[in-house]
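Read in numbering that gives the first Met the number 0, the first sequence has 361 at position 362, and its numbers run on one by one without any break.
Here a beta-carbon is modelled for each residue, glycine too, at the ideal position from N, C-alpha and C.
On a predicted model such as this, the values are computed, not experimentally measured, just so you know.
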Amino acid sequence: MTLRTRFAPSPTGYLHIGGARTALYCWLEARHRGGQFILRVEDTDRERSTDAAVRAILDGMAWLGLQPDEGPFFQTQRMDRYRTVAQALLDAGKAYYAYESKAEIEAMRAAAMARGDKPRYSGAYRDRNEPCREDPNRVLRFKNPQTGSVVFEDKVKGRIEWNNAELDDLVLIRSDGFPTYNFAVVVDDIDMAITEVIRGDDHVNNTPRQINLYHALHADVPAFAHLPMILGPDGQKLSKRHGAVSVTQYREDGYLPHALLNYLVRLGWSHGDEEIFSIAQMVELFDIGDVNQSASRFDLAKLGWLNQQYLKNDDPNDIAPELVWHLQRIGLDPAGGPDPAEVIVALRDRVQTLKEMAMRARIWYAPIDQWDEQAVAKHLRAEGAADVLRAAQMKFAAMPQWSPQSIHLAIEQLAAECNIGMGKVAQPLRVAITGTQVSPSIEHTVYLVGRDQALRRIEDAMAKMSC
RNA sequence: GCUCCCUUCGUCUAGUGGCCCAGGACACCGCCCUCUCAAGGCGGGAACACGAGUUCGAGUCUCGUAGGGAGCGCCA
Numbered sequence: 000m001t002l003r004t005r006f007a008p009s010p011t012g013y014l015h016i017g018g019a020r021t022a023l024y025c026w027l028e029a030r031h032r033g034g035q036f037i038l039r040v041e042d043t044d045r046e047r048s049t050d051a052a053v054r055a056i057l058d059g060m061a062w063l064g065l066q067p068d069e070g071p072f073f074q075t076q077r078m079d080r081y082r083t084v085a086q087a088l089l090d091a092g093k094a095y096y097a098y099e100s101k102a103e104i105e106a107m108r109a110a111a112m113a114r115g116d117k118p119r120y121s122g123a124y125r126d127r128n129e130p131c132r133e134d135p136n137r138v139l140r141f142k143n144p145q146t147g148s149v150v151f152e153d154k155v156k157g158r159i160e161w162n163n164a165e166l167d168d169l170v171l172i173r174s175d176g177f178p179t180y181n182f183a184v185v186v187d188d189i190d191m192a193i194t195e196v197i198r199g200d201d202h203v204n205n206t207p208r209q210i211n212l213y214h215a216l217h218a219d220v221p222a223f224a225h226l227p228m229i230l231g232p233d234g235q236k237l238s239k240r241h242g243a244v245s246v247t248q249y250r251e252d253g254y255l256p257h258a259l260l261n262y263l264v265r266l267g268w269s270h271g272d273e274e275i276f277s278i279a280q281m282v283e284l285f286d287i288g289d290v291n292q293s294a295s296r297f298d299l300a301k302l303g304w305l306n307q308q309y310l311k312n313d314d315p316n317d318i319a320p321e322l323v324w325h326l327q328r329i330g331l332d333p334a335g336g337p338d339p340a341e342v343i344v345a346l347r348d349r350v351q352t353l354k355e356m357a358m359r360a361r362i363w364y365a366p367i368d369q370w371d372e373q374a375v376a377k378h379l380r381a382e383g384a385a386d387v388l389r390a391a392q393m394k395f396a397a398m399p400q401w402s403p404q405s406i407h408l409a410i411e412q413l414a415a416e417c418n419i420g421m422g423k424v425a426q427p428l429r430v431a432i433t434g435t436q437v438s439p440s441i442e443h444t445v446y447l448v449g450r451d452q453a454l455r456r457i458e459d460a461m462a463k464m465s466c
């Protein structure tokens with residue numbers, strides 16, 4: 000039997016970091032073992048599910064490159080199937096109707112708590128064998144075994160044993176006729192032939208009752224792997240407070256999908272001392288059984304470092320479209336300036352994100368809009384700066400070829416001729432070209448702005464100096 | 001309250017009884033390089049939650065304590 004995993008988000012919001020890692024692990028496990036990865040949308044909560052959320056999840060997965068082999072399937076389209084299975088369970092005497100109102104159940108829970116038990120349903124209708132009747136409170140409940148225990152070998156957490164006495168008779172079909180989560184998942188996972196259920200460890204508690212359902216339905220029980228949570232930097236549950244939680248927000252913040260994937264795969268899993276993994280390596284090395292058991296915190300600094308690694312090592316031409324996207328986002332016209340791939344090479348040692356890169360690239364795509372007056376005072380109004388700029392301007396105008404190498408040579412010559420250090424040439428030039436005292440190497444700064452623009456900006460700077 | 005899960009540097013982790021007076025990475029600090037800012041190179045500080053037990057020997061096995069988390073829904 001081939002291995003099949005599934006990612007089963009509920010469309011009540013965007014794809015968040017925790018969900019993305021679950022999806023990644025499901026996808027990797029399937030790829031690693033030559034199996035299939037299925038996407039199923041758990042939208043039985045009609046109040047909170049939205050089409051926009053479905054789209055957001057699909058977009059997030061597409062951006063990350065986690066394409067499902069099958070799906071998306073939607074639970075709302077399988078209602079008949081759940082009802083059929085529920086009926087079968089009822090006919091087999093493994094389920095029964097119960098008619099308590101919500102208030103009565105509340106009272107039951109309170110009473111159990113008062114006794115020091117966990118709040119649970121009493122099973123009052125379990126053995127009454129009453130004839131079925133119409134009632135707004137009618138739900139179908141599962142006859143959970145009352146004795147013995149459920150044992151399963153979790154691929155991440157190890158052996159987990161649960162006493163059936165701890166479990167109450169869960170609702171299968173709600174009073175509105177819709178299936179509950181625990182019932183729908185089991186039916187779906189059976190129908191979709193899922194062999195390995197990988198999900199967040201907030202589901203461990205559901206697993207024993209689901210296993211009992213598998214047994215009642217005479218189905219093979221899949222393997223389970225429960226992933227520890229991802230916490231915010233402060234150790235608290237990840238939330239909007241912590242900045243970006245949505246995967247698409249990471250695109251907007253300038254991260255490469257590969258970097259995010261790499262960060263996520265290392266959060267809870269490792270392979271010796273390795274930090275950087277190509278997608279192919281992840282697929283080759285990942286094993287769900289090697290995943291850690293404890294929760295981990297999200298560390299933006301490390302993601303930033305990883306992102307820069309990819310910025311530095313990927314082919315600039317591959318990254319260029321992403322940079323163009325960011326340039327346009329901040330209102331810059333990529334056509335009105337240098338080749339984005341060359342910009343990437345000039346800036347990738349200096350920034351961690353494409354968003355920062357786009358902002359720093361402004362100097363080449365737009366005129367100087369604001370002068371750093373401190374820089375002007377220090378470098379432009381300095382002794383001899385005017386002569387240096389004039390000389391540079393002449394050299395630049397006369398150069399047969401416009402390239403970083405030739406510019407570098409020209410500046411070196413100029414420094415030698417005037418018998419001054421590189422700094423005395425580079426800094427005034429930098430301020431003239433960019434309006435600030437921080438930019439990439441001077442030859443790239445000058446080169447990327449283009450010859451015409453360089454000559455013009457030097458001219459403007461000299462005009463500024465004299466007034 | 002009850003049940004279940006978790007616990008190695010600030011963070012992510014290596015470690016499957018001797019190779020560990022605990023290794024790597026990020027972050028931090030220092031030095032070098034240097035036209036600014038970076039990147040890079042070199043170096044530094046920094047952890048086995050606590051207590052018993054098993055063993056010749058424990059980060060590694062067992063039990064307990066403390067701390068953290070999850071679940072206990074006609075939510076998923």
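inquiry  = Which of the three DSSP states is assigned to E41 in this structure?
reply    = Within the first sequence, the letter at position 42 stands for residue 41. In the structure shown, E41 sits in coil (DSSP, three-state: anything other than H, G, I, E or B).
message = Considering just the uninterrupted stretch of the beta strand (DSSP E) at P71, what are its terminal residues?
response = If you number the first sequence from 1, residue 71 lands on position 72. For P71, the enclosing beta strand (DSSP E) covers residues 69 to 73.
query = Cα separation between A55 and A22?
reply = If you number the first sequence from 1, residue 55 lands on position 56. If you number the first sequence from 1, residue 22 lands on position 23. Taking C-alpha positions only, A55 is separated from A22 by approximately 14 angstroms.
query = In chain order, what residues of the same chain lie with their CB nearer than 7 angstroms to the CB of Y124, ignoring the 5 residues before and after it?
reply = On the first sequence, position 125 is the one that residue 124 refers to. Beyond the five residues adjoining it in sequence on each side, Y124 comes within less than 7 angstroms, by CB distance, of Y95, Y96, A97, Y98 in the same chain, given in chain order.
key: Beta-bridge partners of Q514, as assigned by DSSP   = Outside the shown range of the chain (0 to 466) lies residue 514, about which nothing can therefore be said.
message = Do I37 and M281 count as a contact pair if the criterion is CB distance below 8 angstroms?
response = Against the first sequence, residue 281 aligns to sequence position 282. Against the first sequence, residue 37 aligns to sequence position 38. Their beta carbons are not under 8 angstroms apart, which means M281 does not touch I37 by this criterion.
inquiry  = Just verifying my parser: in three-state terms, what is the DSSP assignment at G449?
reply    = For the purposes of this step, residue 449 is taken as the residue at position 450 of the first sequence. Here G449 sits in coil by DSSP.
task = State buried or exposed for V437, treating a residue as buried only when at least 16 other CB atoms are found within 10 Å of its CB.
result = Here residue 437 refers to the residue found at position 438 of the first sequence. With a threshold of 16 other beta carbon atoms within 10 Å, V437 falls short and is exposed.
inquiry  = So, with DSSP's three-state summary, where would you put A94?
reply    = Stepping through the first sequence from its first residue, residue 94 is reached at position 95. Of the three classes helix, strand and coil, the one that applies to A94 here is strand, per DSSP.
ask   = Can at least three beta-carbon pairs, one atom from the stretch 400 to 412 and one from the stretch 348 to 360, be found at a separation below 8 angstroms?
value = Touching, no.
query = If we call anything under 8 angstroms between Cβ atoms a contact, is I159 one with Y24?
reply = Your numbering for residue 159 matches position 160 in the first sequence. Your numbering for residue 24 matches position 25 in the first sequence. Contact: no.
ask   = Candidates L89, S174, P135: which alpha carbon is nearest F141's?
value = Here residue 141 refers to the residue found at position 142 when the first sequence is read from its first residue. The residue with the shortest Cα to Cα distance from F141 is L89.
Cutoff 7 angstroms; reference L447; Cβ partners in own chain excluding five residues on either side = For this step, residue 447 is matched to residue 448 along the first sequence. P337, E341, V342, A345, W363.
ask   = When the Cα atoms are used, what is the spatial distance from V186 to Q35?
value = As a first step, residue 186 is located in the first sequence; it is residue number 187 there, counting from the start. As a first step, residue 35 is located in the first sequence; it is residue number 36 there, counting from the start. Near 18 angstroms, if we compare the C-alpha coordinates of Q35 and V186.
query = Can you list the beta strand (DSSP E) stretches of 3 or more residues lying completely in the stretch 113 to 143, in chain order?
reply = Counting only runs of 3 or more, we get 138 to 141.
ask   = Exposed or buried, R513, counting other C-beta atoms within 10 Å across all chains shown (16 or more means buried)?
value = Nothing can be reported for residue 513: it is not among the residues displayed for the chain, which extend from 0 to 466.
task = Give me the Cβ distance between L322 and A365, rounded to the nearest whole Å; I'm assuming they're in contact under 8 angstroms.
result = Counted from its first residue, the first sequence places residue 322 at position 323. Counted from its first residue, the first sequence places residue 365 at position 366. Not a contact, Cβ separation roughly 15 angstroms.
ask   = Counting Cβ pairs closer than 8 angstroms, one from the stretch 261 to 276 and one from the stretch 167 to 185, do we hit at least three?
value = These segments do not touch.
inquiry  = So if DSSP puts L226 in a beta bridge, which residue, or which two residues, is it bridged to?
reply    = Residue 226 sits at position 227 when you count from the first residue of the first sequence. Answer by DSSP bridge pairing, in chain order: G199.
key: Every unbroken beta strand (DSSP E) within the stretch 160 to 222, with a cutoff of 3 residues, ordered by chain   = Taking only runs of at least 3 residues, the beta strand (DSSP E) segments lying wholly in the stretch 160 to 222 are 170 to 172, 195 to 199.
key: Proximal residues to A374 (C-beta, below 7 angstroms), its chain only, five neighbours per side dropped   = By 1-based counting over the first sequence, the position of residue 374 is 375. Excluding residues within five positions, the ones whose Cβ falls inside 7 angstroms are V430, T435, Q436.
request  = Assuming L237 contacts G199 (C-beta within less than 8 angstroms), just tell me the rounded distance between them.
outcome  = Locating residue 237 in the first sequence gives position 238, where the first residue counts as 1. Locating residue 199 in the first sequence gives position 200, where the first residue counts as 1. 12 angstroms between Cβ atoms; not a contact.
key: Helix, strand or coil at E341 according to DSSP, with G and I counted as helix   = Here residue 341 refers to the residue found at position 342 when the first sequence is read from its first residue. In the structure shown, E341 falls within a helical segment according to DSSP collapsed to helix, strand and coil.
ask   = Could you give the residue range of the alpha helix (DSSP H) that holds F395?
value = As a working mapping, residue 395 is identified with position 396 in the first sequence. Its alpha helix (DSSP H) spans residues 384 to 397.
key: For R158, three-class secondary structure by DSSP   = As a working mapping, residue 158 is identified with position 159 in the first sequence. If DSSP states are grouped into helix, strand and coil, R158 belongs with the strands.
request  = Would you tell me roughly how many angstroms separate the C-alpha atoms of Y143 and R208, rounded to the nearest one?
outcome  = Here the question's residue 143 lines up with position 144 in the first sequence. Here the question's residue 208 lines up with position 209 in the first sequence. Checking the sequence shown, residue 143 turns out to be Asn, not Tyr. Each residue's alpha carbon lies about 7 angstroms from the other.
Contact check, T43 vs Q74, beta carbons under 8 angstroms = On the first sequence, residue 43 is found 44 positions in, with the first residue counted as 1. On the first sequence, residue 74 is found 75 positions in, with the first residue counted as 1. Going by C-beta atoms, T43 is nearer than 8 angstroms to Q74.
ask   = Which partner residues of K236 appear in the DSSP bridge assignment?
value = The sequence position of residue 236 within the first sequence is 237, counting from 1. DSSP output for K236 lists L230 as bridge partner(s).
ask   = Just checking my contact of H31 with D289 at CB under 8 angstroms: how many whole Å lie between their CB atoms?
value = Looking up residue 31 in the first sequence gives position 32. Looking up residue 289 in the first sequence gives position 290. Between H31 and D289 a beta carbon distance of about 11 angstroms is seen, past the 8 angstroms cut, so the two are scored as non-contacting.
inquiry  = For L169, tell me which candidate among E195, I189, T179, W324 has the shortest Cα-Cα distance.
reply    = In the first sequence, residue 169 corresponds to position 170, counting from 1. Closest option to L169, Cα to Cα, is T179.
message = Judging by CA-CA distance, which residue of D386, T444, S9 is the nearest neighbour of I419?
response = Within the first sequence, the letter at position 420 stands for residue 419. Out of D386, T444, S9, D386 has the C-alpha closest to the C-alpha of I419.
query = For S245, does the three-state DSSP call read helix, strand or coil?
reply = Looking up residue 245 in the first sequence gives position 246. Looking at S245 - three-state DSSP - the assignment turns out to be strand.
request  = Under 8 angstroms by Cβ, that's how I've got L63 and P256 pegged, so tell me the actual separation to the nearest angstrom.
outcome  = Within the first sequence, residue 63 is the residue found at index 64, counting from 1. Within the first sequence, residue 256 is the residue found at index 257, counting from 1. The beta-carbon separation of L63 and P256, rounded to 5 angstroms, stays under the 8 angstroms limit for a contact.
ask   = CA-CA distance, K394 and E382?
value = Residue numbering aside, residue 394 sits at position 395 when the first sequence is read from its first letter. Residue numbering aside, residue 382 sits at position 383 when the first sequence is read from its first letter. So the two alpha carbons sit approximately 20 angstroms from each other.
task = Report the partner residues of V149 according to the DSSP bridge assignment.
result = The residue you call residue 149 lines up with position 150 of the first sequence. V149 is bridged to W161.
key: Straight-line gap, I229 to F297 (C-alpha atoms, nearest Å)   = Counting from one through the first sequence, the residue named residue 229 turns up at place 230. Counting from one through the first sequence, the residue named residue 297 turns up at place 298. Whole-angstrom Cα-Cα distance: 7 angstroms.
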